[in-house]
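Here's the structure, in structure tokens; my notes come after.
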Amino acid sequence: MLLSLVIKNYALIRELEIHPSGKLNVVTGETGAGKSIMLGAIGLLLGNRADAKSLWNENEKCLVEGAFDVSTYKLKTLFEQYDLDYEEQTLIRREISPGGKSRAFINDTPVTLDVMRVMGDRLMHIHSQHETLELANKNFQLGLIDSFAGNGKLVNEYQVAWKEFVTVWTAYEKIKAESSALKQESDYIKFQLEELTKANLSLGEQQQLESEQQVQEHAEEIKVNLTNILSLIDQSEFSVRNAFITIRAQLNSIVSFSPTYSKMYERFESLRLELDDLAKEIEHESDLVEFDPNRAQTINDRLSTLYQLLKKHRVQDVSQLMEIQETLQQKHEKASNLDDYLLKAKNEIERTEKIVSETGAKLSLTRQKVFAAITKQLSQLLKELGMPDAVVKIEHSSTPPSASGMDSIELLFSANKGVLPRPLVQVASGGEFSRLMFSIQYILAEKTSLPTLILDEIDNGISGEVAIQLGKMMKQMAQKHQLITISHLPQIAAKGDAHYFVYKDNTSAKTISHIRQLSEKERIDEIAKMIAGANPSAKAIANAKELMDL
53 MLLSLVIKNY ALIRELEIHP SGKLNVVTGE TGAGKSIMLG AIGLLLGNRA DAKSLWNENE
113 KCLVEGAFDV STYKLKTLFE QYDLDYEEQT LIRREISPGG KSRAFINDTP VTLDVMRVMG
173 DRLMHIHSQH ETLELANKNF QLGLIDSFAG NGKLVNEYQV AWKEFVTVWT AYEKIKAESS
233 ALKQESDYIK FQLEELTKAN LSLGEQQQLE SEQQVQEHAE EIKVNLTNIL SLIDQSEFSV
293 RNAFITIRAQ LNSIVSFSPT YSKMYERFES LRLELDDLAK EIEHESDLVE FDPNRAQTIN
353 DRLSTLYQLL KKHRVQDVSQ LMEIQETLQQ KHEKASNLDD YLLKAKNEIE RTEKIVSETG
413 AKLSLTRQKV FAAITKQLSQ LLKELGMPDA VVKIEHSSTP PSASGMDSIE LLFSANKGVL
473 PRPLVQVASG GEFSRLMFSI QYILAEKTSL PTLILDEIDN GISGEVAIQL GKMMKQMAQK
533 HQLITISHLP QIAAKGDAHY FVYKDNTSAK TISHIRQLSE KERIDEIAKM IAGANPSAKA
593 IANAKELMDL
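This note's numbering numbers the first residue of the sequence shown as 53 and each following residue consecutively.
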């Protein structure tokens, strides 16, 4: 529910802050005082378009901020979906700069207007007498019937089945498309796969062969250099080894004189041992180096094969060739088993389609069972709201399975005796439609968790006992759901748990709209004025008290 609302620098509103009741809030005031302006500002929190022309002071930014208690709304998954921090007290903010740039925030995280619309739709709903599109929407009508029937679990079960069916069907269509291409390419795929398989590829082979090729091509040069190195180390009169023998003897003679000389001797010993080890390795490598024309040819032939394959497949190394081979192997196996894949996919379609049909049939049956009850209840509520001849019917036909089920429905309505019920958009006037929509909201309030509901003068065209009945129904709804209603009827105003009064201040150079919560005495005076005008009589004040006591 809405915990607080702050509006700054919007239209005629310089600054406004309210903390509405969790039950029924009534907003009254003179025509043009700013009630609808407040709704326009709230609409910004629902993602409506912003206009810099709506700024009270065109040199300052506009701010609209709403704090909501969402602890009972089960919105954690929605917050996670949009990567938002979930807070049980969620803050939604909209800012409009003097230049017209609009920014939106949820819990101080910037969001797009699309995200704000999705979130706002779960938190608030504004209903005015001119709102017709939603009720005329068949999906909305189905949602109404499912809420009335308590179909939440069954609808979820059907949607899970439907999504699985769509996934399986998409996979089947993909296999069909792939199978056509694979059949055309199967011979070529087989040829390429056989070529790569025959090459008997292995990781690291190319680098190893290229290194060995270098040795074969420069075998004589390598042999000469290694022999010369060995001679310098060990086999000449002035070899390094002879020098090391002399150095070792001289260092050994002074070792006992200082720890420093001892460490030098140890380091030298390490060098000597490393030199011995290096000489052995050089001698071993020298023995191995031998130009072998047959081996050189074998290496060249193998590398030529690898280079041709790399060029053909436009890759840089053998590991990439092996990846291509694996892909070709998979395609070849799939091409060889296409009939099996298609059969399995068809079986999956049949399995999921059966679940969809069975679940859809159950859902359809539960929907049809409540048609009579919901139309009867709506007709009864409309009678209580001053439409004694109102008739509501539901036209139903079965359809192939879709995302919403296997039903097509149309809510039919007639407000007048002797007139056949017809689709809503064809027959309902503004006042009639408002009462019908309110009756539906009244029913939904008993069946589901509604967001904060804002009713914008839906009481137009009614008065007297009907207005009293409407006020009672609002009061009942507000026991479970937060309601904010803008009204011009004293019968409605008298039912409020909180009463806010909107008024204009013309004392400054520019008109300002204000809103304040009325005390008990102020409420009586305001309701009396709504009954009898600016200077209410004692009788009007008594009537106001009576309305509040009803």
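In this text, a Cβ means the ideal position worked out from N, Cα and C, and glycines have one as well.
Among the options, nearest to residue i - alpha-carbon criterion
i, options, result
"N109", "A119, K60, L127", "K60"
"K275", "D339, F320, I351", "D339"
"T298", "L282, Y317, S491", "Y317"
"E405", "T222, L327, Q193, A592", "T222"
"V218", "A455, H533, R487, A201", "A455"
"L505", "L68, N77, S560, R66", "N77"
"E378", "I334, R366, T249", "T249"
"M439", "S409, I426, E517, Q268", "E517"
"I65", "M168, V554, H533, V422", "V554"
"I407", "M458, L361, R293, K396", "M458"
"L330", "D286, P162, K364", "D286"
"V292", "E326, N512, K228", "E326"
"I510", "L541, E498, P503", "L541"
"M90", "V116, I446, G152, P311", "V116"
"S491", "A442, I148, K396", "A442"
Between the CA atoms of residue j and residue i - distance to the nearest angstrom
i, j, result
"E572", "A413", "55 Å"
"L284", "A295", "11 Å"
"P453", "I401", "13 Å"
"R403", "W214", "12 Å"
"D508", "I178", "7 Å"
"Q528", "Q493", "12 Å"
"N208", "G195", "12 Å"
"T83", "A584", "16 Å"
"S610", "D121", "Residue coverage of the chain in this structure runs from 53 to 602, which leaves residue 610 outside it and unanswerable."
"L54", "L437", "28 Å"
"V307", "E264", "47 Å"
"Q240", "A387", "The amino acid occupying residue 240 in the given sequence is Tyr; Gln does not appear at that position. If you take the alpha carbons of Y240 and A387, they lie about 12 Å apart."
"K383", "E247", "15 Å"
"L127", "Q211", "19 Å"
"F320", "N280", "24 Å"
"H533", "E498", "9 Å"
"Q302", "D328", "19 Å"
"S154", "S560", "29 Å"
Environment of residue i [buried if 16+ CB atoms lie within 10 Å]
i, result
"S565", "buried"
"R101", "exposed"
"P72", "buried"
"Q258", "buried"
"D135", "exposed"
"F290", "exposed"
"Q141", "exposed"
"S431", "buried"
"Q244", "buried"
"N595", "buried"
"D392", "exposed"
"V471", "exposed"
"E484", "buried"
"Y62", "buried"
"E613", "A question about residue 613 goes unanswered here, because the residues of the chain that appear run from 53 up to 602."
"D198", "buried"
Reduced DSSP category for residue i - H, G, I as helix; E, B as strand; rest coil
i, result
"A156", "strand"
"F490", "helix"
"F453", "Note on residue identity: the sequence assigns Pro, not Phe, to residue 453. Looking at P453 - three-state DSSP - the assignment turns out to be strand."
"R101", "coil"
"D549", "coil"
"A271", "helix"
"T537", "strand"
"E462", "strand"
"F217", "helix"
"P503", "coil"
"L143", "strand"
"M171", "helix"
"I178", "strand"
"D166", "helix"
"K406", "helix"
"R366", "coil"
"Y138", "coil"
"D253", "According to the sequence displayed, residue 253 carries Leu and not Asp. Note: L253 maps to coil in three-state DSSP."
"E110", "coil"
Expected contact under 8 Å - CB spacing of residue i and residue j to nearest Å
i, j, result
"N159", "E139", "5 Å"
"A201", "T418", "5 Å"
"L278", "E337", "6 Å"
"D601", "K75", "With a Cβ gap of about 18 Å, D601 and K75 do not count as contacting."
"A188", "L476", "5 Å"
"M168", "G95", "11 Å between Cβ atoms; not a contact."
Contact with chain D by residue i, beta-carbon distance below 8 Å
i, result
"M600", "Absent from the structure: chain D. Only one protein chain is present."
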